[in-house]
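The block underneath contains the structure these notes are about, expressed in structure tokens.
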Ligand code: HEM
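In the working numbering, the protein residues as written are 71 to 263.
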């Protein structure tokens, strides 16, 4: 289960660009901090979409790319944990800014799952945890997906961010559709109509 460098190169380059862009576009320290928080989560969207659909795409359309995706979910997952660690640092920076609004603690649950999945993404933990490894990673991927869906769906009510919500929400729902289609195909293949 050798790691692939490409997702990590994306994670490092995109997170660096997110921080620099936030610094550049913000007009004052608080806005710079807010933009860095937003952009460092935003660069996670392609990774969340690929991680969430990798094995489903491979089941529905087996081929070179879907095999690569499915085989390298671990690298994709760990590179997402990397981008979201940058989001966490940006969150602390934002919270430390004078005038920043209080933050809901609900996101902590997401980070618990992100780091439990990251630290158990190795053959040893997989063997040791057995069925619990699959339960953790199945639940964890769904929870991260739901955070993203909730985050972008909430933007539909905000005029400033609506166009972003209208762009990302359909992509996330399409990913959900791919997963449901693969699940149904598996049930049919398993003879359970
Ligand atoms: C305690 C933990 C967390 C805190 C305090 C936090 C805080 C924030 C803040 C302040 C924003 C900007 C909101 C705005 O635009 O006004 C944000 C955006 C976002 N966060 Fe977090 N977050 C946390 C955890 C997470 C987790 C675990 C996830 C997903 C797994 C996540 C995904 C997102 C997404 C998708 C956005 C929107 C990015 C965009 O604007 O494109 N956050 N977060």
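The beta carbon of each residue, even a glycine, is placed where N, CA and C say it ideally should be. Just so we're clear, the structure is a prediction, and the values are computed from it rather than from any experiment.
Own chain partners of residue i with C-beta closer than 8 Å, once the 5 adjacent residues on each side are dropped
| i | result |
| --- | --- |
| residue 217 | 177 and 180 |
| residue 231 | 225 |
For residue i, the first and last residue of its enclosing alpha helix (DSSP H)
| i | result |
| --- | --- |
| residue 75 | Per DSSP, residue 75 belongs to no alpha helix (DSSP H) and is neither H nor E. |
| residue 235 | 232 to 259 |
| residue 226 | No alpha helix (DSSP H) contains residue 226, which DSSP labels as neither H nor E. |
| residue 99 | 99 to 112 |
| residue 145 | 143 to 166 |
| residue 124 | 115 to 130 |
| residue 194 | 193 to 199 |
| residue 188 | 177 to 189 |
Residue i versus residue j - alpha carbon distance
| i | j | result |
| --- | --- | --- |
| residue 265 | residue 128 | Nothing in the structure corresponds to residue 265, since the chain is present only between 71 and 263. |
| residue 125 | residue 169 | 44 Å |
| residue 145 | residue 74 | 6 Å |
| residue 79 | residue 120 | 16 Å |
| residue 228 | residue 259 | 43 Å |
| residue 156 | residue 163 | 11 Å |
| residue 242 | residue 235 | 10 Å |
| residue 196 | residue 167 | 41 Å |
| residue 252 | residue 188 | 25 Å |
| residue 208 | residue 194 | 18 Å |
| residue 291 | residue 215 | The structure shown does not extend to residue 291, since the chain is modelled only from 71 through 263, so no value can be given for it. |
| residue 86 | residue 185 | 21 Å |
| residue 223 | residue 83 | 27 Å |
| residue 140 | residue 219 | 22 Å |
| residue 173 | residue 92 | 19 Å |
| residue 118 | residue 171 | 27 Å |
| residue 201 | residue 257 | 20 Å |
Cβ distance (whole Å) where residue i is taken to contact residue j below 8 Å
| i | j | result |
| --- | --- | --- |
| residue 210 | residue 154 | That belief does not hold up - the Cβ atoms of residue 210 and residue 154 are roughly 12 Å apart, past 8 Å. |
| residue 160 | residue 106 | 4 Å |
| residue 123 | residue 238 | At roughly 15 Å, the Cβ-Cβ gap does not stay under 8 Å, so residue 123 and residue 238 are not in contact. |
| residue 130 | residue 244 | Their Cβ separation, rounded to whole angstroms, is 13 Å, which puts residue 130 and residue 244 out of contact at 8 Å. |
Contacts around residue i, its chain only, beta-carbon distance under 6 Å, and the 5 residues preceding and following it disregarded
| i | result |
| --- | --- |
| residue 183 | 210 and 213 |
| residue 95 | 105 |
| residue 77 | 145, 146 and 149 |
Cβ neighbours of residue i in the same chain (closer than 7 Å, five flanking residues each side left out)
| i | result |
| --- | --- |
| residue 81 | 149, 152 and 153 |
| residue 191 | 144, 147 and 148 |
Any non-hydrogen atom of ligand 3 closer than 6 Å to residue i Cβ
| i | result |
| --- | --- |
| residue 113 | As presented, the structure is devoid of ligand 3, carrying ligand 1 as its sole ligands. |
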